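Here's the structure we're looking at; comments come further down.
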Amino acid sequence: MYKNKKIAVVVPSFNEETQISKVITTMPDYVDHIIIIDDKSTDNMAAVVEEHCKTNPKIVLIRHEINQGVGGSIATGYKWARDHECDATAVMAGDGQMDPNDLAELLDPVVSGEVDYSKANRLIYAKAYEIVPKVRFWGNAILSLLTKIASGYWHISDSQTGYTVINLKALQIIDWDLMYKRYGQPNDLLVRLNIHNFKVRDIPQKPVYNVGEQSKLKIRKAIFTISILLLKKFFWRLKEKYIIRDFHPLVFFYFFGFFSLGCSFLFSIRFFRLWFVNGEVPEVTLILLLFMLAGGVQAIFLAMWMDQDYNKELR
Ligand SMILES: Nc1nc2c(ncn2[C@@H]2O[C@H](COP(=O)(O)OP(=O)(O)O)[C@@H](O)[C@H]2O)c(=O)[nH]1
Ligand SMILES: [Mg+2]
Numbered sequence: 004m005y006k007n008k009k010i011a012v013v014v015p016s017f018n019e020e021t022q023i024s025k026v027i028t029t030m031p032d033y034v035d036h037i038i039i040i041d042d043k044s045t046d047n048m049a050a051v052v053e054e055h056c057k058t059n060p061k062i063v064l065i066r067h068e069i070n071q072g073v074g075g076s077i078a079t080g081y082k083w084a085r086d087h088e089c090d091a092t093a094v095m096a097g098d099g100q101m102d103p104n105d106l107a108e109l110l111d112p113v114v115s116g117e118v119d120y121s122k123a124n125r126l127i128y129a130k131a132y133e134i135v136p137k138v139r140f141w142g143n144a145i146l147s148l149l150t151k152i153a154s155g156y157w158h159i160s161d162s163q164t165g166y167t168v169i170n171l172k173a174l175q176i177i178d179w180d181l182m183y184k185r186y187g188q189p190n191d192l193l194v195r196l197n198i199h200n201f202k203v204r205d206i207p208q209k210p211v212y213n214v215g216e217q218s219k220l221k222i223r224k225a226i227f228t229i230s231i232l233l234l235k236k237f238f239w240r241l242k243e244k245y246i247i248r249d250f251h252p253l254v255f256f257y258f259f260g261f262f263s264l265g266c267s268f269l270f271s272i273r274f275f276r277l278w279f280v281n282g283e284v285p286e287v288t289l290i291l292l293l294f295m296l297a298g299g300v301q302a303i304f305l306a307m308w309m310d311q312d313y314n315k316e317l318r
């Protein structure tokens with residue numbers, strides 16, 4: 004129990020036989036349930052966990068029949084915590100990259116009822132740029148920007164952190180079978196939380212690297228697939244949030260913005276073609292092109308502003 008609330012920690016784990024013991028033994032005493040999801044590991048991890056189970060009754064080991072990815076593992080753990088009515092449920096990776104001493108800081112705003120979801124933010128930590136490997140830092144920064152646009156949580160960054168805490172209400176409302184199963188899970192979840200107007204807060208935390216972890220993430224592939232995911236989620240959120248559940252004219256602004264940018268792209272092809280073929284600048288096409296470009300960019304910025312304004316209380 005932490006401040007009189009029942010706490011669970013979900014540990015998504017895949018081939019972490021060398022790391023998992025550290026995660027278990029350093030878990031803070033106030034944690035009530037340690038839910039370890041063995042995502043069809045091919046190493047000796049399950050045996051290592053079972054050994055710990057003999058002495059530690061808090062451990063719940065759930066073994067997947069087929070590999071489901073980190074997101075699928077988190078979903079399994081969340082469902083267990085929801086069914087056992089845990090007041091706050093954290094996620095900590097099975098590779099020991101989350102410092103257990105930071106957990107209380109993440110739990111505080113959730114158990115006090117201020118927010119529904121809290122997450123670590125390693126990018127705003129003063130020395131982040133020195134600690135986080137460069138490709139990861141920039142990849143994360145790009146995805147964080149895209150996640151702001153897609154999720155409507157303009158105040159958060161470090162969208163890729165796996166260190167999070169969620170409350171029971173959100174656990175009960177979100178359909179975990181629909182959540183994205185691979186590395187885009189945190190991004191997908193933020194979009195889902197926003198549709199239900201849940202409050203989300205970033206807690207600055209020190210990044211942890213070189214503790215013996217071996218990342219299985221292929222960064223270039225991840226950036227590409229998560230960007231596509233975010234694009235789809237963006238339109239889905241606009242539909243769910245601003246057309247179906249409520250209505251907001253910002254959808255017109257976004258629509259007009261994309262339409263105008265599309266037109267200006269076509270006009271620019273025509274512009275260069277006429278210019279090269281005739282040898283002189285086609286003025287009417289140029290005017291149309293600039294008009295559409297300026298109008299489109301302004302409409303999109305306005306839509307973003309309205310979106311930001313609509314969501315500004317969700318922090
Ligand atoms: N790569 C991968 N990780 C998984 C899977 N299922 C669970 N996990 C766990 O998800 C966590 C995060 O994965 P990791 O590769 O360390 O990601 P990174 O820390 O962002 O580089 C680790 O604790 C993994 O053990 C899976 O199918 N693939
Ligand atoms: Mg890791």
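Adding 3 to a residue's 1-based position in the sequence shown gives its number in this note's numbering. Ideal Cβ positions, reconstructed from N, Cα and C, are used throughout, including at glycine. Bear in mind the structure is a predicted one, so any value in this text is a computation, not a measurement.
**Report entry** Spatial neighbours of residue 70 in its chain, beta-carbon cut-off 8 Å, leaving aside the 5 residues before and after
**Finding:** Excluding residues within five positions, the ones whose Cβ falls inside 8 Å are 17, 42 and 43.
**Report entry** First through last residue of the beta strand (DSSP E) which encompasses residue 10
**Finding:** 10-16
Query - residue 135, enclosing alpha helix (DSSP H) - first and last residue - result: Counting along the chain, residue 135 falls outside any alpha helix (DSSP H), and DSSP gives it neither H nor E.
Query raised in the report: How long is the line joining the alpha carbons of residue 180 and residue 188, rounded to whole angstroms?
Result: For residue 180 and residue 188, the distance between alpha carbons rounds to 12 Å.
**Report entry** residue 210, buried or exposed, once every other Cβ within 10 Å from all chains shown has been counted against 16
**Finding:** buried
Query raised in the report: According to the Cβ coordinates, are residue 51 and residue 120 closer than 8 Å?
Result: no
Requested in this report: Would you kindly report the start and end of the unbroken alpha helix (DSSP H) that includes residue 245?
Outcome: From DSSP, residue 245 is part of no alpha helix (DSSP H); its letter is neither H nor E.
Query - Classification of residue 248 by the beta-carbon crowding that lies within 10 angstroms, buried from 16 upward - result: exposed
Query - Nonlocal neighbours in the same chain, by C-beta distance under 7 Å from residue 112, ignoring five residues either side - result: 118, 121 and 204
Query raised in the report: Do you know offhand how far residue 295's Cα is from residue 92's?
Result: 48 Å
Requested in this report: Using the DSSP secondary-structure output, state which residues sit across from residue 170 in a beta bridge.
Outcome: 91, per the DSSP bridge assignment.
Query - Residue closest to residue 6, alpha-carbon to alpha-carbon, out of 24, 33, 27 and 20 - result: 33
Query raised in the report: So does residue 96 have its beta carbon nearer than 7 Å to some heavy atom of ligand 2?
Result: Yes, Cβ of residue 96 sits closer than 7 Å to a heavy atom of ligand 2.
Query raised in the report: According to DSSP, is residue 33 helix, strand or coil?
Result: coil
Query raised in the report: Quick one, are the C-beta atoms of residue 240 and residue 197 less than 8 Å apart?
Result: yes
Query raised in the report: Are the CB atoms of residue 318 and residue 158 nearer to each other than 8 Å?
Result: yes
Report task. Can you say whether residue 201 is buried or exposed, counting buried as having 16 or more other CB atoms within 10 angstroms of its CB? Result -> Classification of residue 201: buried, given that the 10 Å Cβ count is 16 or more.
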